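Asker:
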Amino acid sequence: MSVNRAAWYTSKLAKPFKVDVAPFPKASPTEVIIKNQAVAINPIDWKVQDGVFDYGKAFPYILGKDVAGIVEAAGSEVKHAKKGDRVIGNTHAVLSQDPKYGGFQLYPAVNSKFVAKIPDTLDFDSAVVLPLAISTAASALFQSDNLGITLPTLSPIANNSIIVLWGGSSSVGALAIQLAKAAGVTVITTASTKNHDLVKALGADLVLDYNRESSITDILVAINESGKTFVGIVDCISVPESLRPCYSILHQSPQTNKLVSLLPVLDAPKDLNITFARAIAIMSDAHKHVGEAIWGEYVPAALNEGKLKAVPKPMVIGKGLEVIQEALAVQKKGVSAMKVVVEL
Numbered sequence: 001m002s003v004n005r006a007a008w009y010t011s012k013l014a015k016p017f018k019v020d021v022a023p024f025p026k027a028s029p030t031e032v033i034i035k036n037q038a039v040a041i042n043p044i045d046w047k048v049q050d051g052v053f054d055y056g057k058a059f060p061y062i063l064g065k066d067v068a069g070i071v072e073a074a075g076s077e078v079k080h081a082k083k084g085d086r087v088i089g090n091t092h093a094v095l096s097q098d099p100k101y102g103g104f105q106l107y108p109a110v111n112s113k114f115v116a117k118i119p120d121t122l123d124f125d126s127a128v129v130l131p132l133a134i135s136t137a138a139s140a141l142f143q144s145d146n147l148g149i150t151l152p153t154l155s156p157i158a159n160n161s162i163i164v165l166w167g168g169s170s171s172v173g174a175l176a177i178q179l180a181k182a183a184g185v186t187v188i189t190t191a192s193t194k195n196h197d198l199v200k201a202l203g204a205d206l207v208l209d210y211n212r213e214s215s216i217t218d219i220l221v222a223i224n225e226s227g228k229t230f231v232g233i234v235d236c237i238s239v240p241e242s243l244r245p246c247y248s249i250l251h252q253s254p255q256t257n258k259l260v261s262l263l264p265v266l267d268a269p270k271d272l273n274i275t276f277a278r279a280i281a282i283m284s285d286a287h288k289h290v291g292e293a294i295w296g297e298y299v300p301a302a303l304n305e306g307k308l309k310a311v312p313k314p315m316v317i318g319k320g321l322e323v324i325q326e327a328l329a330v331q332k333k334g335v336s337a338m339k340v341v342v343e344l
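Residue numbers are given in the UniProt record's numbering: position 335 of the sequence shown equals residue 335, and the series is strictly consecutive.
#1: Could you tell me the distance, in whole angstroms, from the CA atom of residue 66 to the CA atom of residue 128?
#2: On the criterion of 16 or more Cβ atoms from any shown chain inside 10 Å, does residue 238 qualify as buried, or is it exposed?
#3: With residue 74 and residue 340 assumed to form a contact (beta carbons below 8 Å), what rounded beta-carbon distance in angstroms separates them?
#4: Going by DSSP, name the residue or residues bridged to residue 9.
#5: Rounded to the nearest angstrom, what separates residue 141 and residue 234 at their Cα positions?
#6: Based on the DSSP secondary-structure assignment, which residues constitute the bridge partners of residue 232?
#7: Could you check where the beta strand (DSSP E) with residue 314 kicks off and where it finishes?
#8: By the 10 Å Cβ neighbour count, where 16 or more other Cβ atoms means buried, how is residue 336 classified, buried or exposed?
#9: Checking 9 Å against the spacing of the C-beta atoms, do residue 324 and residue 7 come in under that value?
#10: Enumerate, from N- to C-terminal direction, the unbroken alpha helix (DSSP H) stretches of 4 or more residues contained entirely within the stretch 243-276.
#11: For residue 290, which of 72, 93, 2 and 114 has the nearest alpha-carbon?
#12: Comparing C-alpha positions only, which one of 158, 241, 277 and 228 sits nearest to residue 255?
#13: Hey, could you find the ends of the alpha helix (DSSP H) residue 132 is sitting in?
#14: Given that a residue counts as buried once 16 or more other Cβ atoms are within 10 Å of its Cβ, and exposed if not, what is residue 92?
#15: Hey, out of 211, 297 and 105, whose CA is closest to residue 192's CA?
#16: What is the C-beta distance between residue 187 and residue 205, in whole angstroms, given that I count them as a contact (C-beta under 8 Å)?
#17: Taking residue 216 as part of the alpha helix (DSSP H), name the residues at either end of that continuous run.
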């Protein structure tokens with residue numbers, strides 16, 4: 001049997017990760033074991049390690065939420081993936097009490113509902129930027145308690161809805177643009193000038209520079225002139241500097257007060273309807289139709305047909321579990337229109 005190794009988070013605030021052997025996971029009937037070829041780094045990874053978020057886990061455990069690789073084993077109830085398939089997966093390391101679900105290991109276990117096959121034309125480094133962003137964007141856009149827009153299709157028909165995505169060149173923003181356009185929705189987004197071509201290529205109908213003083217006014221004018229129903233905003237950055245302009249737009253809009261954040265919002269204005277997108281929620285009893293439609297139907301088909309683009313580009317820091325700590329530091333410093341990736 002192959003030997004499993006992991007980058008262990010051994011105790012609160014511990015740095016660096018301890019690279020050591022890990023138990024080889026066994027797939028439950030609904031799980032897939034993936035031979036990891038690449039992992040991506042998300043802000044949640046370094047925020048947990050830095051103590052910004054404290055989930056009270058029993059140490060040691062394994063972080064990491066984005067994986068791409070080859071199916072090593074599939075549970076008896078898994079029908080859409082088999083040994084040898086090339087796949088991406090959204091692991092649930094942070095919320096799990098079991099380290100086998102952490103992404104930063106050679107052989108993670110993944111809930112098969114969050115696994116999708118990828119075409120041979122898509123390399124693992126590019127593919128691994130997708131999983132968590134897919135789940136998070138889907139939660140923000142399609143859950144009834146968030147924006148609740150119609151589900152995406154391969155042949156969308158334009159409808160009467162318009163939304164604002166603040167931060168379109170971010171990982172979640174890039175996926176949200178594509179999913180919203182596949183749902184027939186008109187998309188206004190923001191990005192720095194250097195990233196305008198990127199988000200336009202993803203389908204955004206209007207791109208504005210968030211650094212311009214007129215950006216809020218320009219968004220409000222565009223919404224009004226569209227004649228469409230303004231459904232709300234997804235803040236794809238969700239820091240105070242991005243939340244403030246979102247508040248301003250909603251306070252001046254007569255149509256909606258709906259804002260979806262990617263993180264819990266402290267001291268939120270009480271006159272706004274602010275909700276929180278959670279990746280894992282798309283497979284909850286209340287919203288599993290969203291998860292099944294996205295991961296089970298749309299994502300594999302859209303990837304296969306080239307209608308879902310693996311964006312942003314990967315920034316490969318190096319190869320091996322030992323590189324993951326360095327990769328977290330790079331992500332923490334900040335990247336623009338790229339996602340930090342480590343090959344395994």
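Just so it is clear, CB atoms sit at the ideal spot from N, CA and C, and this is done for glycine as well.
These numbers were taken from a predicted model, which means no experiment stands behind them.
Answerer: Taking the geometry as given:
#1: If you take the alpha carbons of residue 66 and residue 128, they lie about 6 Å apart.
#2: Buried.
#3: Their Cβ separation, rounded to whole angstroms, is 29 Å, which puts residue 74 and residue 340 out of contact at 8 Å.
#4: Answer is 61.
#5: The straight-line gap from Cα to Cα measures roughly 8 Å.
#6: Answer by DSSP bridge pairing, in chain order: 163.
#7: According to the DSSP assignment, residue 314 belongs to the beta strand (DSSP E) that extends over 313-319.
#8: Exposed: under 16 other Cβ atoms inside 10 Å.
#9: The answer is yes: Cβ separation under 9 Å.
#10: None, since the stretch 243-276 contains no complete alpha helix (DSSP H) of that length.
#11: Ranking 72, 93, 2 and 114 by Cα distance to residue 290 puts 114 first.
#12: That would be 228, whose Cα lies nearest to the Cα of residue 255.
#13: Looking at the DSSP string, the run of the alpha helix (DSSP H) that includes residue 132 is 131-142.
#14: Its Cβ being crowded by 16 or more others within 10 Å, residue 92 is buried.
#15: For the residues 211, 297 and 105, the minimum Cα distance to residue 192 belongs to 211.
#16: Rounded, the Cβ-Cβ distance is 5 Å, consistent with contact.
#17: From DSSP, the alpha helix (DSSP H) with residue 216 extends over 215-226.
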